[in-house]
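Taking numbering that gives the first Met the number 0, the leading residue of the sequence shown gets 0, the next gets one more, and so forth.
For reference, the structure is listed below as structure tokens.
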Amino acid sequence: MTATTPTATAAHAAPTARTGRLARLWRGRPEDAPWARPAFLGLLAVTTALYLWNLSASGYANSFYSAAVQAGGESWKAFFFGSLDAANAITVDKPPAALWPMALSVRLFGLGSWQILLPEVLMGVGTVAVLYAAVRRRFGAGAGLIAGAVLALTPVAALMFRFNNPDALLALLMTVAVYGVLRALERAEGAAKWLVLAGVAFGFAFLTKTLQAFLILPPLALVYAVCAPARPLRRFGQLGLAGLALVVSGGWWVALVELWPAASRPYVGGSQNNSFLELTFGYNGLGRINGNEVGSVGGGGGGGQGGGWGETGPLRMFNDSIGGQISWLLPAALLLLLAGLVVTWRAPRTDTARAAFLVWGGALLMTLGVFSFMAGIFHEYYTVALAPYLAALIGMGAAVLWEERTRFAASVGLAAAAGVTAWWGWTLLGRTPDHLPWLRWTVLVAGAVAALGLLAAGRADRRLGLAAAGLGLAAGLAGPFAYTLETLSTGHQGSIVTAGPAGAGFGGRGPGGGGPRMDGGDGGRNGGTQPPNGFPNGFPGGGQTQGGQFQGGQFPGGRMQPPGGQSQGGQNQPSTGQNQPSTGQTGQAPAGQMPGFGERGGMGGGGGMGGLLNGASVGAEAKEKLLQDADAYTWAAAAVGAQNAASYQLATEKPVMAIGGFNGSDPSPTLAQFKEYVAEGKIHYFIGSGGGGTGGGMGGPGGGAGSSSEISTWVQENFAAVTVGSATFYDLTSEK
Numbered sequence: 000m001t002a003t004t005p006t007a008t009a010a011h012a013a014p015t016a017r018t019g020r021l022a023r024l025w026r027g028r029p030e031d032a033p034w035a036r037p038a039f040l041g042l043l044a045v046t047t048a049l050y051l052w053n054l055s056a057s058g059y060a061n062s063f064y065s066a067a068v069q070a071g072g073e074s075w076k077a078f079f080f081g082s083l084d085a086a087n088a089i090t091v092d093k094p095p096a097a098l099w100p101m102a103l104s105v106r107l108f109g110l111g112s113w114q115i116l117l118p119e120v121l122m123g124v125g126t127v128a129v130l131y132a133a134v135r136r137r138f139g140a141g142a143g144l145i146a147g148a149v150l151a152l153t154p155v156a157a158l159m160f161r162f163n164n165p166d167a168l169l170a171l172l173m174t175v176a177v178y179g180v181l182r183a184l185e186r187a188e189g190a191a192k193w194l195v196l197a198g199v200a201f202g203f204a205f206l207t208k209t210l211q212a213f214l215i216l217p218p219l220a221l222v223y224a225v226c227a228p229a230r231p232l233r234r235f236g237q238l239g240l241a242g243l244a245l246v247v248s249g250g251w252w253v254a255l256v257e258l259w260p261a262a263s264r265p266y267v268g269g270s271q272n273n274s275f276l277e278l279t280f281g282y283n284g285l286g287r288i289n290g291n292e293v294g295s296v297g298g299g300g301g302g303g304q305g306g307g308w309g310e311t312g313p314l315r316m317f318n319d320s321i322g323g324q325i326s327w328l329l330p331a332a333l334l335l336l337l338a339g340l341v342v343t344w345r346a347p348r349t350d351t352a353r354a355a356f357l358v359w360g361g362a363l364l365m366t367l368g369v370f371s372f373m374a375g376i377f378h379e380y381y382t383v384a385l386a387p388y389l390a391a392l393i394g395m396g397a398a399v400l401w402e403e404r405t406r407f408a409a410s411v412g413l414a415a416a417a418g419v420t421a422w423w424g425w426t427l428l429g430r431t432p433d434h435l436p437w438l439r440w441t442v443l444v445a446g447a448v449a450a451l452g453l454l455a456a457g458r459a460d461r462r463l464g465l466a467a468a469g470l471g472l473a474a475g476l477a478g479p480f481a482y483t484l485e486t487l488s489t490g491h492q493g494s495i496v497t498a499g500p501a502g503a504g505f506g507g508r509g510p511g512g513g514g515p516r517m518d519g520g521d522g523g524r525n526g527g528t529q530p531p532n533g534f535p536n537g538f539p540g541g542g543q544t545q546g547g548q549f550q551g552g553q554f555p556g557g558r559m560q561p562p563g564g565q566s567q568g569g570q571n572q573p574s575t576g577q578n579q580p581s582t583g584q585t586g587q588a589p590a591g592q593m594p595g596f597g598e599r600g601g602m603g604g605g606g607g608m609g610g611l612l613n614g615a616s617v618g619a620e621a622k623e624k625l626l627q628d629a630d631a632y633t634w635a636a637a638a639v640g641a642q643n644a645a646s647y648q649l650a651t652e653k654p655v656m657a658i659g660g661f662n663g664s665d666p667s668p669t670l671a672q673f674k675e676y677v678a679e680g681k682i683h684y685f686i687g688s689g690g691g692g693t694g695g696g697m698g699g700p701g702g703g704a705g706s707s708s709e710i711s712t713w714v715q716e717n718f719a720a721v722t723v724g725s726a727t728f729y730d731l732t733s734e735k
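Structure representation (structure tokens):
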């Protein structure tokens, strides 16, 4: 026998250990079916491939957030605060957690579309993985796979998991929070650590999108308090520990910002008093519910502008604008939620299946209720928050009814879910009749056949039942899959984006995606004769579209000018009602296209002031001029409105001050502060509009009121305008 040296033994054992780990990774848990783990890995691989495909078509996507990512990649201070520029003039109007992964990617790999959007794709894949894990534990791998597939193929999810708004990270963290609560409900021992995980997820979700993170907190806490397998005192103690984790993980950043001397940090964008707490409970909080959003277009201190973002009510998620984004399987999810609760109704208090239906169902209903009735700013893409809850209920409900299919009521439930999904898919596809017209009737017929087959699933051969179930699932996913493929094939840019083909929603699609088309294109419907959903009775102030042309009206609060409107002395004058053809000037919209509606609402000014929806296009001559001696200044330039400033900052990778924040209405900087910056030689240029004017009454996107208007007027009076390509610059180092 030959002796084996220790070194040889270790060398031989290492490959065996590695092989064993790979085998376990591929095989999964011993109790799972052999196909479960490979199918799960395949789901993740397909989701990753789909979401990565054509990713760079969106460019910088929402340049508002991309500029902040660029700034965070240059300055750790900007990274921490979420500043719009590396010189830290003003922050975005959200906390910065969603920016951090993208900024780290830019720091590691440089500035570019892939570097910004790849973290969002990974968040999407991660959300699918966590959802699968949460559903599989109690309902099996098949239910987890169905849930994961439904989420991955939801059009608005495919949109937002490839876009740089905060909603991707929010959806991931909310799914993690639900997973933590479900794990805590499984047993009394070890529950605290899972509740702490949920609390940390809630805390960082707050640092992602403030109070929206807490929408599902009440139902989750209530379900745990009632259903957890522990004595009452212990349950409440564990919830208190989770609450402490939430406060610490979400409050540390808030405390630092509020305690930080205001003079040495950027202004809190979106607030009127340079306070993050004001931003949280005002514009980003109660203002979203009651419509009283001070600082936004349509907001104000004298009562809310409720209804300015579409008609509210229980059918809001099913309307022409939102239905194609999220509601394909929403009727089935509600039906399966009810069925799941009926099946588990007599289970013990601690039954984990019923608790799962209550947790996912409570999260869905709470979010659905708030979204349906909130009077403040609401965009179609917000509905991505519903996608994980909806998908979980589809997977869980289908699994529970399938197990009970020998009972006639269960087979009726399965058939009803398949039938209503096919009918609703047929209805939604009818709203975009030019997109795959054959698919509409195929979905309806296949769904009807599947429903009939499922009625007999309990008495038929198991293989026939599986075939009917598979056909029903395919019919239900065919519509959203078609919309998802269309979403993946098209670039999306700006502050309002929608998934699916033209006419499926109201938002910017395609290169330079701007606002809603009035000529029957993106966002327009019925040949452009009806205004897109999003404002009551058409556009704000009664503006209408006739023959594809916007007919003037007054915008809420008098802050914004309609297309063709002029501003004199800070006052908006009536529009001529005609959109003028593009002259090629920076930031102007194409013929018949409005500059767009932004996160704060309202329409951007014309010319180089850019729109609220998207920024200006920066010409080579303008870029070259800004780069000259740029390092000698704190800010290479200043511009009213964040989207406009972001365009120049992304083009030059030099700090550009966004006067007034997103839409120019924030009181930062004041005229006195701006004069001081100019006197100290910190700002080189002020960027006005194309065509030799400053646009919007010098008020820019925010209209002719506030410090942005005062600054614009002062610049115009004291510095000479120079046309640079199609843009107008004012050299702030050389007075008239």
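Think of the CB as a built atom: it goes at the ideal place given N, C-alpha and C, for glycine as much as any other residue.
Please read all numbers here as calculations on a predicted model, not as lab measurements.
With respect to P479, T153 sits close: the two C-beta atoms are nearer than 8 Å. For W634, the uninterrupted beta strand (DSSP E) run begins and ends at W634 to V639, by DSSP. Non-local beta-carbon contacts of F317 in its own chain, meaning distances under 6 Å to residues more than five positions away in sequence, involve S326 in chain order. Relative to L427, the option among L451, S320 and T405 whose CA is nearest is S320. Counting of Cβ neighbours within 10 angstroms places P387 among the buried residues, the total reaching 16 or more. Taking 4 residues as the minimum length, the alpha helix (DSSP H) runs contained wholly in the stretch 428-474 are 436-454, in order along the chain. As computed with DSSP, Y266 is found in a beta bridge with I89. Each of D460, L184 and A621 was checked against the Cα of G724, and the nearest Cα belongs to A621.
Apart from the 5 residues on each side of it in sequence, W423 sits with its Cβ closer than 6 Å to the Cβ of P330 in its chain, given in chain order.
D166 sits buried, since 16 or more C-beta atoms from the chains shown fall within 10 Å of its C-beta. Distance from the CA atom of T486 to the CA atom of L435, rounded to whole angstroms, is 14 Å. CA-CA distance, F63 to F718, rounds to 28 Å.
Residue state for D630 is assigned as helix, using DSSP reduced to three classes. For the pair of segments examined, the stretch 88-100 was found not to touch the stretch 125-139: the number of CB pairs separated by less than 8 Å stays below three. Judged by their CB atoms, V120 and Y59 are not nearer to each other than the 8 Å cut-off. A distance below 8 Å separates the beta carbons of A183 and A227.
L626 sits close to K653, with the two beta carbons spaced by under 8 Å.
According to the DSSP secondary-structure assignment, F162 is paired through a beta bridge with no residue. Under a 10 Å Cβ-count criterion, S55 is classified as exposed, with fewer than 16 other Cβ atoms of the shown protein chains found around its own Cβ. If you draw a straight line from the Cα of L451 to the Cα of R353, it is about 28 Å long. If you look at L110, you'll find it isn't in any beta strand (DSSP E); DSSP assigns it neither H nor E.
Around the beta carbon of R315, a 10 Å sphere encloses 16 or more other beta carbons of the protein chains shown; the residue is thus reported as buried.
Separation of the CB atoms of A35 and A142 is rounded to 11 Å, and the pair is thereby denied contact status at 8 Å.
By the beta-carbon neighbour count (other beta carbons within 10 angstroms, threshold 16), T209 is buried. For the 8 Å CB-CB criterion, L42 and L144 form a contact. Rounded to the nearest whole angstrom, the C-alpha separation of N283 and A44 is 36 Å. In this structure the stretch 369-376 does not lie against the stretch 110-119, because fewer than three pairs of beta carbons, one per stretch, are closer than 8 Å. In this structure, G202 sits away from V253, with a CB-CB distance that is not shorter than 8 Å. Counting only residues of its own chain and dropping the five nearest sequence neighbours on each side, L731 has a CB closer than 7 Å to the CB of V677, I682, H683, Y684, F685 and F718.
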